[in-house]
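Using our numbering, the letters of the sequence shown correspond one by one to residues 251 to 350. From the three backbone atoms N, C-alpha and C, an ideal C-beta is built for every residue, glycine too. All figures in this text were calculated on a predicted structure; none of them were measured in a lab. Worksheet for the structure shown next.
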Amino acid sequence: MATVLPKILITNDDGIHSEGIAALEQALKELGDVYVVAPESEMSGASHSLTLARPLRIRQVDERHWTVDGTPTDCVTLALNQILAPDIRPDICASGINHG
């Protein structure tokens with residue numbers, strides 16, 4: 251019987267291009283199927299904020315990476331409700347590694 255790897259969703263508040271998110275992804279790739287949905291730019295201090303006053307833009311970077319022009323909470327909400335296919339339900343959500 252084949253081993254089913256857990257599905258892991260990664261986000262952060264430092265943005266998609268931060269060194270910390272790349273390091274976290276590298277560490278977790280050996281443990282499961284990793285998907286990254288992170289802010290387009292640094293959003294430090296806004297991790298629990300939710301954008302309500304404007305539409306959010308989603309951009310697919312590659313097969314398993316997306317950016318959102320919003321907060322980390324926006325990223326996770328959109329990952330679960332719009333970005334990831336219905337058969338991809340994360341078992342774990344990790345956030346970091348924080349630059350600050």
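Asked, Found
"Could you have a look at residue 326 and say whether DSSP puts it in helix, strand or coil?", "helix"
"Quick check on residue 291: buried or exposed, where buried means 16 or more other Cβ atoms within 10 Å of its Cβ?", "exposed"
"Ordered along the chain, which non-local residues of its own chain (more than five positions away) have a Cβ less than 7 Å from that of residue 344?", "258, 260, 274, 278"
"Here's a check: name, in chain order, each residue in its chain whose Cβ is nearer than 8 Å to the Cβ of residue 332, leaving out the five neighbours to either side.", "308"
"Among all the DSSP beta bridges, which residues are the ones paired with residue 267?", "Residue 267 pairs with nothing; no bridge assigned."
"Residue 321: buried (16+ other C-beta within 10 angstroms of its C-beta) or exposed?", "buried"
"Flag this pair as yes or no: are the beta carbons of residue 288 and residue 253 separated by less than 8 Å?", "no"
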